[in-house]
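Its first residue numbered 1, the sequence shown is counted upward by one per residue in the numbering used here.
Where a beta carbon is used, it is the ideal one built from N, C-alpha and C, also for glycine.
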Amino acid sequence: MSEPESPEPAPGRESRRAALELLRGVLRKHRTLEDAIGHTPRWRNLEARDRAFARHLAATTLRRLGQLDAVIARCLDRPLKPKLAAVQDLLRLGAAQVLFMDTPAHAAVGETVALAVGVRVGAHRNLLNAVLRRIAREGDSLLDGLDAPHLNTPDWLWQGWTAAYGEATARAIAEQHMQEPPLDFTVVEQTDREAWRERLGARELPMGTLRLPPGTRDPRRLPGYDDGAWWVQDAAAGLPPKLLGEVRGKRVVELCAAPGGKTAQLVAQGAEVLAVDRSTERLRQLVDNLNRLSLGAATVAADVTQWQPPEKLENILLDAPCTATGTLRRHPDIARLKQPADVPAMAELQMALLRSAARMLAPGGTLVYAVCSLEPTEGVELVDTLLAEHGDIERVPVDPAEIGGLPEAVTAAGDVRTLPHHLGEQGGLDAFYIARLRRSA
């Protein structure tokens with residue numbers, strides 16, 4: 001079983017101040033949540049439990065932003081002026097604690113109002129206090145009647161998902177995005193999987209991934225992390241390497257490989273891996289991750305659209321950069337940062353990467369293409385284009401047994417399309433599109 005955590009005092013004002021800076025970093029400065037953390041000096045001075053609270057508060061606010069704004073609007077006579085953006089953000093943070101985090105009302109209201117002086121909106125403390133107290137009193141009635149999945153999803157994403165999957169599925173996707181995700185991890189030595197499942201109190205998913213419940217503390221503080229026994233990776237992210245089949249003793253070239261979760265999986269399965277990525281910094285991160293796991297792979301820093309191997313390749317995994325809309329359950333900031341124009345821009349790059357990978361593929365060779373995006377423009381449409389251009393390349397349909405027996409995740413064409421609400425009762429999955437292609441011999 002997982003080791004019990006000792007009781008810790010409630011998070012204080014500094015953790016809420018850090019959460020405010022993270023929220024403003026995403027919404028006002030258009031940084032990712034992780035980048036905002038790197039640009040928040042006070043973050044380094046927080047204790048681990050305060051960091052966890054600050055991150056959770058910022059993420060919950062981003063995840064429920066549409067609902068929060070609708071509730072706040074119900075408590076105001078008129079919309080706040082743009083120059084009062086800091087007041088709006090404080091209201092969001094306070095309301096998130098009251099409505100979605102079970103924070104005691106007196107702490108959520110009092111500590112949030114106290115932050116007003118520090119961010120120079122002290123003249124509006126009475127407004128903050130009045131609105132948050134009303135939300136604390138009338139929270140359920142203020143939420144009543146709101147279409148939460150639609151409100152929390154930017155319109156362009158909602159419309160795109162409805163067109164691609166139908167309204168019922170779009171709603172199921174958006175509902176799953178409102179839930180805090182569990183923590184998935186993969187054990188290096190699969191013979192040790194049962195032992196780690198029992199030690200950490202994890203659940204085993206059909207594809208072999210182990211899962212801890214939402215709210216799990218920093219994984220780096222769990223047994224086995226420092227020893228390199230396992231790495232964190234969403235269950236759906238572990239599917240692309242599986243579609244290469246048995247790789248033990250085979251050479252696999254992974255394109256756009258960093259930060260290395262799939263690299264680790266391939267190496268742990270016995271493959272000889274060459275990891276290619278254009279970013280030397282991200283390749284260093286990949287190597288560091290492999291070193292912690294006592295695994296190794298060769299690396300090449302190169303632009304995949306320009307790089308050519310010395311000989312044709314039998315096994316290629318291309319996990320292409322994308323809009324990452326399939327990871328909103330883990331990264332709610334993406335919904336507030338991506339714009340409609342990002343999709344065709346990424347698709348253009350992905351098509352170039354796919355064409356380059358096809359040029360590298362040997363007769364009889366296998367190419368697995370994957371993106372963690374919900375947008376068909378970044379997935380099936382590109383694969384269809386590639387197949388139309390190359391008469392000697394064909395799809396190799398996936399059998400559900402290859403991905404843990406998930407028939408709902410296999411499309412009519414034989415590709416894999418996981419959706420956030422798949423395995424919903426067990427916490428869901430990231431959304432991946434995966435196609436397996438083969439050049440005729």
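- By the Cβ criterion, the stretch 205 to 223 is not in contact with the stretch 262 to 279, since fewer than three pairs of Cβ atoms, one from each stretch, lie closer than 8 Å.
- For I37, DSSP records no beta bridge to any residue.
- Between the stretch 321 to 329 and the stretch 296 to 312 there are fewer than three C-beta pairs closer than 8 Å, too few to call the two in contact.
- Under the DSSP assignment, V109 falls in the alpha helix (DSSP H) whose first and last residues are A105 to G118.
- Taking a contact as a CB-CB distance under 8 Å, the pair P181 and G428 counts as one, their CB atoms being some 7 Å apart.
- Here G201 is actually not in contact with W231; their C-beta atoms are around 18 Å apart, not less than 8 Å.
- Only residues of its own chain outside the window of five on either side were considered, and among them A170, I173 and L374 have a CB closer than 7 Å to the CB of W161, listed in chain order.
- Put simply, of I37, F100 and A52 the residue whose alpha carbon is nearest the alpha carbon of L68 is F100.
- Per DSSP, T32 is not a residue of any beta strand (DSSP E), being assigned neither H nor E.
- Between V252 and A271 a beta carbon distance of about 5 Å is seen, short of the 8 Å cut, so the two are scored as contacting.
- Here A301 is bridged, per DSSP, to D277.
- Under the rule that a run must span 4 or more residues, the alpha helix (DSSP H) segments found entirely inside the stretch 330 to 379 read 334 to 337 and 342 to 360.
- Taking every protein chain shown into account, the CB of D140 has fewer than 16 other CB atoms within 10 angstroms, so this residue is exposed.
- Distance from the Cα of D415 is smallest, within the candidate group H421, T305, H422 and V396, for V396.
- Every alpha helix (DSSP H) stretch that sits fully inside the stretch 142 to 227 and reaches 4 residues is listed by chain position as 148 to 151, 155 to 165, 167 to 177 and 193 to 200.
- Contact between A164 and D430 is ruled out by a C-beta separation of about 17 Å, above the 8 Å threshold.
- L290 sits buried, since 16 or more C-beta atoms from the chains shown fall within 10 Å of its C-beta.
- Taking the Cα of V383 as reference, the smallest distance to any Cα among A352, H422, M360 and P400 is reached at A352.
- Distance from N129 to V113 at the Cβ level is roughly 5 Å; contact confirmed, criterion being Cβ atoms closer than 8 Å.
- According to the DSSP secondary-structure assignment, A435 is paired through a beta bridge with Y369.
- Annotation: L239 is outside any beta strand (DSSP E); the continuous alpha helix (DSSP H) that includes it extends over L239 to K242.
- Scanning R16, V131, Q97 and A195 for the CA closest to the CA of P223 turns up A195.
- For D226 and H124, the gap between their C-alpha atoms comes out near 47 Å.
- Taking C-beta atoms as the reference points, A258 and S279 count as a pair closer than 9 Å.
- Nearest in C-alpha terms to H177, of all of G424, I434 and A441, is G424.
- Under DSSP, no beta-bridge partner is assigned to R78.
- Ranked by Cα distance from Y433, the first of E394, R92 and C372 is C372.
- Less than 9 Å divides the Cβ of P363 from the Cβ of R439.
- With at least 16 other beta carbons inside 10 angstroms of its own, L62 counts as buried.
- Nearest neighbour of H421 by Cα position, chosen from E175, V343 and L244, turns out to be E175.
- DSSP, read as helix, strand or coil, puts E311 in coil.
- DSSP, reduced to helix, strand and coil, places L99 within a helical segment of the structure shown.
- The beta carbon of A18 lies closer than 7 Å to those of T40, R42, W43, L46 and A54 in the same chain, with the five residues before and after it left out.
- Distance check between E348 and each of R292, T305, G12 and V109 places T305 closest, using alpha-carbon atoms only.
- Under DSSP, R251 takes part in a beta bridge, and its partners are E272.
- Between the stretch 140 to 159 and the stretch 330 to 344, the count of C-beta pairs closer than 8 Å reaches three or more; the two stretches touch.
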